[in-house]
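Numbering (my numbering), first residue to last: 1358 to 2221.
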């Protein structure tokens, strides 16, 4: 029989004993799942039992849409008193595949001659078991008309697959406005046997000869951004309705109808935009209907959405450092011998026993009082000390002989099993102090193991969770010699990590490292479609306990310029640092100590102060001092005048990279140079100059409300070296005068002033809160009020906007739910725009209606 039909079953059963006392029943088993018999009683095992009367006219209907053959097991049961007889036979059932008629719907749109007209055809199979295929054939196509897709058949019809129905259009014959009707036939075909079924629908097509009521252009734009729609309506158009708007998308104007479409007046088409659904880069097509005095008209407007990455969330913190290894402690009893384990270039480990410690009558209890480094350099050059045992009293280490004391591993990745433990030693030696040892040398030999390890808590997450973006984290600012526990090392020394590598992340500092540093952590989200990316950056200061007792280098460069000191920071490798001050002084990897003349005396710094450091530690005296990036430095610099090496420095200038500059309690001049720089200002009448790039100025609200900007600051004469470096690193021509007014200048680029308030505060720009002098803040394109625990009320008028911004006179204000922005009445009276892309625009106009300035204020922001 056929698929999806009742199939007759011919079952003949008879008893050999036809006595009236005999009873007959039939049981049918192996019934396929979903198949149904027309009679009988269903048993728990899925079989069906029937009486003789139910056998006549018995049918079975196969499972829906199934053409699979099957075999039934038929058992006849007869009884005569206590006797039981059974007969079992197999009954084969063949099922012929039969195609199911497909589902077909069409929708016609009126068009214009010589223009493509939308043909909306939807076809689908009703049998979804995969046995059928679907095609659509269109006939009735006028001569000269062309479909946008499909295969032309010899009879002039066109056959399409389901995918070719998407966006299908027809171009009428040239210069023809004759209406026509298409016949659309959907055909489903069974793979087994080739049976087919069809559904046919007629599709009338109206072709207008008049000029179109609507003219549109294909639109394109970025994800999460308002996309302009170019729609022009004829003068007789009364209204326009836009349909096909994706769920979550929003038009900038119009009235939303119950079916989700939006109706607009012709005037509302000007500057019309659509914002796609949040985090969506899916393209879509709008259907636009116009109603005019001449009737209705419909066009399609495709909208292409480019994927744009959203900035990820990022939090960072650092735990307490843990020494790995630790110094060898002093012993209660005197040291009787030391066994040194040294490794040569071939990997061979040699044992050296030191038995004699001449140098005075005092017994030695602390290994750190012995200059073992000099002893090895003089007697065993070109070896590395990987371990030592110290015998003091009766202390021993299991596995070693009684002649050796407590074991200390100094080399990385060494175990006790790696060391030779035979009773012999390769050499017995007597340590010779000469005349140097007097019991006062401390800390020269540091046995601190492999260094100090800090746990790094870095949490990063995507804000766009639709699966279109990937996340990575890059850590920069890593000191030379320091190692992250995971990640991939980049050529510039930074390390890139996957989200899975952030768990348990640590940084290991080398031995004797005591300089504080700041890691620059950047989380990057990247769109899979197009590769667009967005970043969030956080600074992670790491404070390292300084146990070395090193003395800072003091220089005085007064001879360079009158009462003017400075340091130029150059690109450098891991071996050396060059400090330009009182003469050219260079520290490289060869000397143990580096000494600098200062006022007839010496001050010393250990080599660790210079190796791998981005800056030398410098105290430049009481005058106004500079730290400036040398000409052409492209690495991202962190120059913090509030702590560490530069606390006595007043002026700083960055290079070509994305620098971070932080002031101190002095009146600072901070110059960013090219690159996207970040400034942390103070309340001490600072001068912050951004230069080229998109810069961010972070300043406490008190620095604005206390009227601290707009005051004169004496800069003094510049040295030629500093002046040349600043000029080379500032492509927009930043100049430094001997006297300058304190304030903020963003320079070129898209610059942001970020105001931080720890308590509620009102900043009234009209009352001069930005300083005594007009223009104390200039070339700022955005104000960000979202940081800090307090809420900010910001007041703006036309003069404020003109003073704050560049020649464009356009300002964007970001705020959170607690912040308020008060715009003066002249802007309110001029023009208030609709909310676009989350911002409301206030426009200042003159008496003639010309635009003077704009302020875009974030509307309905979330609580931060």
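Cβ atoms here follow ideal geometry from the backbone N, Cα and C, with glycine treated the same way.
Contacting residues, own chain, Cβ-Cβ under 6 angstroms from residue i (five flanking each side not counted)
| i | result |
| --- | --- |
| residue 1537 | 1499 and 1562 |
| residue 1879 | 1831, 1892 and 1894 |
| residue 2171 | 2141, 2143 and 2215 |
| residue 1354 | Since the first residue of the chain shown is 1358 and the last is 2221, residue 1354 is not available in this structure. |
| residue 1444 | 1433 |
| residue 2037 | 2019 and 2055 |
| residue 1360 | 1424, 1452, 1454 and 1455 |
Start-to-end residues for the beta strand (DSSP E) that takes in residue i
| i | result |
| --- | --- |
| residue 1687 | Run containing residue 1687: none; DSSP gives neither H nor E here. |
| residue 2141 | 2139 to 2144 |
| residue 1856 | No beta strand (DSSP E) contains residue 1856, which DSSP labels as neither H nor E. |
| residue 2172 | No beta strand (DSSP E) holds residue 2172; DSSP gives it neither H nor E. |
| residue 1547 | 1537 to 1547 |
| residue 2042 | First-last for residue 2042: undefined, no H or E at that position. |
| residue 2111 | 2109 to 2113 |
| residue 1694 | 1692 to 1700 |
| residue 2194 | Where residue 2194 is concerned, there is no enclosing beta strand (DSSP E), given that its DSSP letter is neither H nor E. |
| residue 2027 | 2026 to 2028 |
Reduced DSSP category for residue i - H, G, I as helix; E, B as strand; rest coil
| i | result |
| --- | --- |
| residue 1447 | strand |
| residue 1417 | strand |
| residue 1639 | coil |
| residue 1401 | coil |
| residue 1519 | helix |
| residue 2121 | strand |
| residue 1736 | helix |
| residue 1498 | coil |
| residue 1455 | coil |
| residue 1368 | coil |
| residue 2209 | strand |
| residue 1429 | strand |
| residue 2084 | helix |
| residue 1361 | coil |
| residue 1729 | helix |
| residue 1386 | strand |
| residue 1775 | helix |
| residue 1991 | coil |
| residue 1624 | helix |
| residue 1665 | coil |
| residue 1862 | coil |
| residue 1589 | strand |
Anticipated Cβ contact below 8 angstroms, residue i with residue j, distance rounded
| i | j | result |
| --- | --- | --- |
| residue 2208 | residue 2169 | That belief does not hold up - the Cβ atoms of residue 2208 and residue 2169 are roughly 16 angstroms apart, past 8 angstroms. |
| residue 1459 | residue 1425 | Not a contact, Cβ separation roughly 22 angstroms. |
| residue 2033 | residue 2051 | 5 angstroms |
| residue 2086 | residue 1986 | 6 angstroms |
| residue 1363 | residue 1416 | 4 angstroms |
| residue 2045 | residue 2030 | Incorrect: roughly 12 angstroms between the Cβ atoms, too far for contact. |
| residue 1308 | residue 1541 | Absent from the model: residue 1308. The displayed extent of the chain is 1358 to 2221, so no value can be given. |
Boundaries (first-last residue) of the alpha helix (DSSP H) holding residue i
| i | result |
| --- | --- |
| residue 2155 | 2155 to 2161 |
| residue 1412 | 1409 to 1412 |
Residues near residue i by beta carbon distance below 7 angstroms, same chain, minus five either side
| i | result |
| --- | --- |
| residue 1954 | In this prediction, residue 1954 scores a pLDDT of 27, lower than 50, which makes its location untrustworthy; no coordinate-derived value is stated. |
| residue 1546 | 1456, 1489, 1490 and 1553 |
| residue 2255 | Nothing about residue 2255 can be read from this structure; the chain reaches only from 1358 to 2221. |
| residue 1471 | 1531 and 1532 |
8 angstroms CB neighbourhood of residue i in its chain, flanking five on each side removed
| i | result |
| --- | --- |
| residue 1689 | 1722, 1749 and 1750 |
| residue 2108 | 2047, 2051, 2052, 2053, 2054, 2136, 2137, 2138 and 2139 |
| residue 2177 | 2148, 2149, 2150 and 2151 |
| residue 1400 | 1384 and 1406 |
Per the contact definition of three or more C-beta pairs closer than 8 angstroms, is the region 1665 to 1674 in contact with the region 1600 to 1611? Taking a contact to require three or more Cβ pairs closer than 8 angstroms, the region 1600 to 1611 and the region 1665 to 1674 do not qualify as touching.
Across the region 1511 to 1524 and the region 1487 to 1499, are there enough close Cβ pairs to call them in contact, namely three or more that are closer than 8 angstroms? Touching, yes, given that three or more Cβ pairs across the two stretches are closer than 8 angstroms.
For the structure I just gave you, are there three or more beta carbon pairs, one from the region 1594 to 1609 and one from the region 1620 to 1629, closer than 8 angstroms? The region 1594 to 1609 is in contact with the region 1620 to 1629.
Any 3 or more C-beta pairs closer than 8 angstroms across the region 1568 to 1585 and the region 1630 to 1650: Yes, they touch.
Is the region 2197 to 2212 touching the region 2166 to 2180 in the sense that three or more CB pairs, one from each, lie closer than 8 angstroms? Flag = yes, the region 2166 to 2180 and the region 2197 to 2212 touch.
Counting Cβ pairs closer than 8 angstroms, one from the region 2107 to 2117 and one from the region 2139 to 2152, do we hit at least three? With the cut-off at 8 angstroms, the region 2107 to 2117 and the region 2139 to 2152 touch.
Is the number of C-beta pairs between the region 1760 to 1767 and the region 1740 to 1751 that are closer than 8 angstroms three or more? Contact holds: three or more Cβ-Cβ distances are below 8 angstroms.
At least 3 beta-carbon pairs within less than 8 angstroms: the region 1849 to 1867 vs the region 1634 to 1650: Taking 8 angstroms as the limit for Cβ pairs, the verdict is that the region 1634 to 1650 does not touch the region 1849 to 1867.
For the 8 angstroms Cβ check, are there 3 or more pairs between the region 1645 to 1662 and the region 1700 to 1712? As far as the Cβ criterion goes, the region 1645 to 1662 does not touch the region 1700 to 1712, which means the pair count is below three.
Below 8 angstroms, can you find three or more Cβ-Cβ pairs linking the region 1583 to 1591 to the region 1486 to 1495? Short answer: they don't touch.
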